[in-house]
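Inspection log for the structure reproduced underneath, given as structure tokens.
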Amino acid sequence: MNYFSISQLARYSGIKPHTIRMWEQRYNALTPNRSEGNTRYYDNKQLRRLLNIVSLMESDYKVSELCSMPDKKLFSLVEELPGKAADSRVNEFFVLQLIGAGMNYDEVNFDKIFSHCLLKYGINETYLKLIYPMLHRVGIMWTTNALEPAAEHFISNLVRQKLFTAIDSLPAVKTTEDSWLLFLPENEFHEIGLLFANFLIRQSGRKVIYLGANVPLESLFVAVKETSSQNVLLFLAHNDLPGVTQDYLNDLILFFGDKKIYVAGDSSFFKEIKTGENIHWLSSPQKLEQLLMVI
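Below you can see the structure in the form of structure tokens.
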């Protein structure tokens, strides 16, 4: 994806469109292109420049100075930032730089940033502090698609690769006590949250039966019966009609009433759903971590 509207730049950077326009007019921060129909648009280079400016906003430089700097100078300052800034600023910096690398299809830079984060935080904190906020911001976790499909797939698959590597590094668990069956229902394909749940549960020493995405209800019945899983965990990101989701959860309660059923998804959507005592709602990865510590 090489064409962005100002509203898309605002979503990725966290800077309001009005402010972006002001920076353009006052400081020549960005130079938008124009289509044949005279519509303003921005390319990957402009997006990356904006993300670099935002990353440096709490440094010793004024916004006016940053907006006037050439790209080479901005990139040089960005390279120096992680060792100088406070943790909250460093977290935002990494989020912005990961977005920039992903939107530019720059796997080398994405891997470099991610590896640095792993050394600094470890896989748990890297996901919770950086990857989860990044995915949430660009709209590819627990929400509907918010990006050009190609860019979404590129970013999400890079993260999936990292999570698969982390999961593979954990030893297999033989015991069937407190085992968990993880899946996404039919027409659910955003797998990253489920993969991280897989990692957290395995890391806690519990057995996981991982079915992945788009699992038909009939297949789920067979899997639960044959594995004797005590816990069932699913993510609902598709945000179907409340009535459809209610019927689906009712089916789960009907067939797996003796199991503990955990559901993750958009909290605002679940206000319209009646879960009763059989469905346990997980509003964030942190909630799953807390749960694993007490059960």
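All letters in the sequence shown, in the order written, are residues 138 to 432 by the working numbering.
Ideal placement from N, C-alpha and C gives every residue a C-beta, glycine not left out.
All of these numbers come straight from a predicted model, not from anything done at the bench.
Going by the CB atoms, is the gap between residue j and residue i shorter than 9 angstroms?
{"i": "L235", "j": "L214", "result": "no"}
{"i": "L332", "j": "L371", "result": "no"}
{"i": "K397", "j": "V369", "result": "yes"}
{"i": "M240", "j": "I292", "result": "yes"}
{"i": "N189", "j": "G237", "result": "yes"}
{"i": "H417", "j": "V400", "result": "yes"}
{"i": "L187", "j": "L146", "result": "yes"}
{"i": "E323", "j": "R297", "result": "no"}
Rounded to whole angstroms, what is the Cα-Cα separation between residue i and residue j?
{"i": "G346", "j": "I410", "result": "Looking at the sequence itself, residue 346 is Ile, so the reference to Gly does not match. Rounded to the nearest angstrom, the two C-alpha atoms are 27 angstroms apart."}
{"i": "L167", "j": "L211", "result": "13 angstroms"}
{"i": "W279", "j": "M271", "result": "Any answer about W279 is weak, because its pLDDT of 37 lies below 50 and its placement is not dependable; what the coordinates show is given next. Each residue's alpha carbon lies about 12 angstroms from the other."}
{"i": "A288", "j": "Y264", "result": "20 angstroms"}
{"i": "V310", "j": "P207", "result": "53 angstroms"}
{"i": "I250", "j": "Y258", "result": "12 angstroms"}
{"i": "L233", "j": "S150", "result": "7 angstroms"}
{"i": "Q340", "j": "S306", "result": "10 angstroms"}
{"i": "S201", "j": "S144", "result": "22 angstroms"}
{"i": "N415", "j": "G394", "result": "7 angstroms"}
{"i": "Y178", "j": "S196", "result": "28 angstroms"}
{"i": "K299", "j": "C254", "result": "12 angstroms"}
{"i": "T281", "j": "H273", "result": "Low confidence applies to T281: its pLDDT is 37, below 50, so where it sits in the model is not reliable enough to give any reading."}
{"i": "R148", "j": "V275", "result": "7 angstroms"}
{"i": "A223", "j": "F336", "result": "Because A223 carries a pLDDT of 49, less than 50, the predicted location of this residue cannot be relied on, and the following value inherits that uncertainty. Between A223 and F336, the C-alpha separation is close to 29 angstroms."}
{"i": "P422", "j": "S252", "result": "21 angstroms"}
{"i": "E217", "j": "F301", "result": "30 angstroms"}
I think residue i touches residue j, with their Cβ atoms under 8 angstroms apart; what is that distance to the nearest whole Å?
{"i": "L373", "j": "A350", "result": "Rounded, the Cβ-Cβ distance is 12 angstroms, inconsistent with contact."}
{"i": "D180", "j": "N170", "result": "7 angstroms"}
{"i": "F358", "j": "F392", "result": "6 angstroms"}
{"i": "R343", "j": "S316", "result": "7 angstroms"}
Going by DSSP, which residues form a beta bridge with residue i?
{"i": "H417", "result": "Y399"}
{"i": "G349", "result": "F320"}
{"i": "L371", "result": "F320 and V400"}
Check each candidate in the options and name the one with the smallest Cα separation from residue i.
{"i": "N175", "options": "L429, S142 and Y385", "result": "S142"}
{"i": "N261", "options": "L203, L389, A334 and L146", "result": "A334"}
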